[in-house]
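Structure record follows, encoded as C-alpha coordinates.
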Amino acid sequence: MLVGLAGASAVLLGAAVLPAAAAPSPEPASAKGVAALDCPADVWLDPQGNTFGVKCSGNGNYKFRATAVCRNGQTVYGDTKWATNVWSYAYCAGKGGLTSDVGYEYWRAR
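First residue of the sequence shown? That's 6 in this note's numbering, and the numbers climb one at a time after it.
Below, the structure written as C-alpha coordinates:
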(Lines of atoms letter the chains of each structure in order from A and count residues from 1; the text may use other names and numbers.)
(Lines give C-alpha, C1' and ligand atoms only; values in the text may rest on other atoms or scores of the structure.)
Protein backbone atom coordinates (compact mmCIF):
# COMPACT_ATOMS: atom_id res chain seq x y z
CA MET A 1 0.00 0.00 0.00
CA LEU A 2 1.42 3.35 -0.95
CA VAL A 3 0.33 6.07 1.42
CA GLY A 4 1.02 9.73 0.78
CA LEU A 5 1.35 12.74 2.98
CA ALA A 6 -0.36 15.93 1.83
CA GLY A 7 2.33 18.56 2.24
CA ALA A 8 5.67 17.72 3.68
CA SER A 9 5.07 19.50 6.98
CA ALA A 10 1.64 18.00 7.60
CA VAL A 11 0.87 16.33 10.89
CA LEU A 12 -0.51 12.92 10.13
CA LEU A 13 -3.87 12.34 11.68
CA GLY A 14 -5.01 10.52 8.59
CA ALA A 15 -3.23 9.59 5.41
CA ALA A 16 -4.37 9.81 1.81
CA VAL A 17 -3.57 7.31 -0.90
CA LEU A 18 -1.23 8.67 -3.57
CA PRO A 19 -1.97 8.34 -7.28
CA ALA A 20 -0.42 5.27 -8.86
CA ALA A 21 2.58 7.25 -10.18
CA ALA A 22 5.07 5.11 -8.29
CA ALA A 23 5.78 1.48 -9.03
CA PRO A 24 3.30 -0.86 -7.36
CA SER A 25 4.55 -2.40 -4.17
CA PRO A 26 4.66 -6.18 -3.74
CA GLU A 27 2.31 -7.80 -1.24
CA PRO A 28 0.36 -4.63 -0.45
CA ALA A 29 -1.55 -4.42 2.79
CA SER A 30 -5.18 -3.45 3.05
CA ALA A 31 -5.95 0.28 3.22
CA LYS A 32 -8.10 -0.52 6.25
CA GLY A 33 -4.93 -1.55 8.09
CA VAL A 34 -3.38 1.93 8.09
CA ALA A 35 -4.78 3.05 11.46
CA ALA A 36 -3.60 -0.12 13.20
CA LEU A 37 -0.04 0.10 11.90
CA ASP A 38 1.32 2.94 14.06
CA CYS A 39 2.81 4.33 10.89
CA PRO A 40 3.92 6.93 10.58
CA ALA A 41 4.82 7.54 14.17
CA ASP A 42 6.82 10.55 12.97
CA VAL A 43 7.94 12.25 9.75
CA TRP A 44 10.98 14.43 9.04
CA LEU A 45 12.21 16.77 6.31
CA ASP A 46 15.69 18.20 6.13
CA PRO A 47 15.85 22.03 6.00
CA GLN A 48 17.25 21.94 2.44
CA GLY A 49 14.24 19.97 1.17
CA ASN A 50 16.25 17.02 -0.14
CA THR A 51 15.39 14.23 2.31
CA PHE A 52 12.11 12.83 3.61
CA GLY A 53 12.06 10.42 6.54
CA VAL A 54 9.31 8.36 8.10
CA LYS A 55 9.44 6.39 11.35
CA CYS A 56 7.05 3.54 12.08
CA SER A 57 6.61 2.08 15.52
CA GLY A 58 5.13 -1.30 16.19
CA ASN A 59 6.15 -4.77 17.17
CA GLY A 60 7.92 -5.62 13.92
CA ASN A 61 4.91 -7.29 12.31
CA TYR A 62 5.16 -5.29 9.07
CA LYS A 63 7.77 -3.71 6.81
CA PHE A 64 7.75 -0.16 5.47
CA ARG A 65 9.84 2.30 3.47
CA ALA A 66 9.79 6.03 2.75
CA THR A 67 8.92 7.16 -0.78
CA ALA A 68 9.32 10.51 -2.52
CA VAL A 69 9.06 12.03 -5.98
CA CYS A 70 11.99 14.31 -6.78
CA ARG A 71 11.75 17.49 -8.85
CA ASN A 72 13.45 15.73 -11.78
CA GLY A 73 10.49 13.29 -11.85
CA GLN A 74 12.33 10.33 -10.37
CA THR A 75 10.62 8.32 -7.60
CA VAL A 76 13.03 7.31 -4.85
CA TYR A 77 12.64 4.83 -2.01
CA GLY A 78 14.18 4.53 1.43
CA ASP A 79 15.53 1.29 2.81
CA THR A 80 12.85 -1.25 3.69
CA LYS A 81 12.69 -1.64 7.47
CA TRP A 82 10.80 -3.70 10.02
CA ALA A 83 8.46 -1.43 12.00
CA THR A 84 10.32 -1.34 15.28
CA ASN A 85 10.43 2.42 15.90
CA VAL A 86 13.10 2.98 13.24
CA TRP A 87 13.46 5.47 10.35
CA SER A 88 13.52 5.05 6.57
CA TYR A 89 14.76 7.96 4.42
CA ALA A 90 14.12 8.79 0.76
CA TYR A 91 16.83 11.03 -0.75
CA CYS A 92 16.36 13.60 -3.55
CA ALA A 93 19.74 15.35 -3.21
CA GLY A 94 21.21 15.82 -6.69
CA LYS A 95 17.76 15.25 -8.20
CA GLY A 96 16.37 18.77 -7.76
CA GLY A 97 15.00 18.25 -4.25
CA LEU A 98 11.68 16.94 -2.97
CA THR A 99 8.25 17.66 -4.38
CA SER A 100 5.25 17.58 -2.05
CA ASP A 101 4.60 14.00 -3.24
CA VAL A 102 6.07 12.09 -0.28
CA GLY A 103 4.77 9.11 1.64
CA TYR A 104 5.46 5.52 2.60
CA GLU A 105 4.71 1.96 1.58
CA TYR A 106 4.08 -0.91 3.94
CA TRP A 107 3.73 -4.68 3.80
CA ARG A 108 2.33 -7.10 6.32
CA ALA A 109 4.62 -9.92 7.37
CA ARG A 110 3.50 -13.40 6.39
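Glycine included, each C-beta is placed from N, C-alpha and C at the ideal position.
Keep in mind the model is a prediction, meaning the values are calculated, not measured.
- In summary, residue 70 is buried, with 16 or more beta-carbon neighbours lying within 10 Å of its beta-carbon over all protein chains present.
- Residue ranges of uninterrupted beta strand (DSSP E) with 3 or more members, entirely inside the stretch 32–100 and ordered along the chain, are 47–50, 56–61, 67–75, 80–82 and 91–96.
- For residue 73 against residue 95, the beta-carbon gap comes to about 4 Å, under 8 Å, which counts as contact.
- Apart from sequence neighbours up to five positions away, the residues of its chain that approach residue 79 with a beta-carbon distance below 7 Å are 100, ordered along the chain.
- Beyond the five residues adjoining it in sequence on each side, residue 83 comes within less than 7 Å, by CB distance, of 70, 71, 93, 94 and 95 in the same chain, given in chain order.
- Taken through DSSP and simplified to helix, strand or coil, residue 108 comes out as strand.
- Ranked by Cα distance from residue 67, the first of 87, 107 and 76 is 87.
- A distance below 6 Å between beta-carbons, with the five flanking residues on each side excluded, links residue 56 to the following residues of its chain, in chain order: 94 and 96.
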